Structures are given as structure tokens and as C-alpha cells.
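Enquirer: Got a structure for you, questions after.
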Amino acid sequence: MTVWKDSQDLAKRVFNWSEHLPRKEDYGLTSQVRRAALSVSANIAEGFGRHHVADKLNFYYNARGSLYETRSHLAYARQVGYLEENVLIELNELTSKLTVELGKLISSLTAMKTK
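Position one of the sequence shown corresponds to residue 1256 (our numbering), numbered consecutively onward.
Given below as C-alpha cells:
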């Protein structure tokens, strides 16, 4: 699934960027943003493995929630000076793409569920 591959790319990029955060953030922002970013692909994978449409949808909704959580952490990182504007723009473009991809997946399953 393209959406899963893109979400893995997001997690990798967030991990690489967060390697340079101050040590004082290890149990704060670093941990939070990494878990949120990785949760996107984990929820997509778990949803893919479910057989019932309602189960799939729940995991895809969770993935979308984690995606928005990741965006929030990145916005905060920019506000406190941990993230360069150009990196934020790049990561936001990827999260926007993922939002669209997840939205299409959710819409198609929702339509399938109502039939």
C-alpha cells in the first residue's frame, strides 16, 4: 500500500530529524514525536490485517489521529526553534499527502460498509 510506504517514510524522516534534538527532550518531544509518527504506519498495517470493514476503519481513523498528533509536535518544534522552516514545510507536505491518502482509503471503506 502506498499510504503505508509513505507513512514509513514519514517515521524515518522524523526519526532522523529528531536525532539532533537536545538530550533534555529524550523523554519529552523526541519520544512523543517518534511514537506518533511510527503509530501512523503501525495502525495502517494493523488495519490492513483486519477482515471486517469496521475494524479496518477504526485503525485507519487511529492512523489519521496519529498523523495529526505528529503535525502538532512538529509545529511545536518549529515554535521553540528545534525545527527549521524548510524541514517543517517538507514534513508538512508529506503529512498532507498522507492525510489525502488516508482520507481516500477511509472514504472507500465507508462506501463499502454502507452497501
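Here a beta-carbon is modelled for each residue, glycine too, at the ideal position from N, C-alpha and C.
Remember, it's a predicted structure, so these values are computed and weren't measured experimentally.
So which of E1280, Y1282, S1294 and K1368 has the shortest CA-CA distance to K1267?
Expert: Of E1280, Y1282, S1294 and K1368, the residue nearest in Cα terms is S1294.
Enquirer: Counting pairs of Cβ atoms below 8 Å between the stretch 1304 to 1313 and the stretch 1324 to 1336, do you hit three or more?
Expert: The stretch 1304 to 1313 is not in contact with the stretch 1324 to 1336.
Enquirer: Going by DSSP in three states, L1276 sits in which element: helix, strand or coil?
Expert: Looking at L1276 - three-state DSSP - the assignment turns out to be coil, as it is neither helix nor strand.
Enquirer: Since T1325 and A1300 are thought to touch, with beta carbons under 8 Å apart, how far apart are those beta carbons, to the nearest angstrom?
Expert: Actually they do not touch by this definition, with Cβ atoms about 16 Å apart.
Enquirer: Beta-carbon within less than 7 Å of F1270's beta-carbon, same chain only, minus the 5 sequence neighbours each way: which residues are those?
Expert: Hits under 7 Å: R1289.
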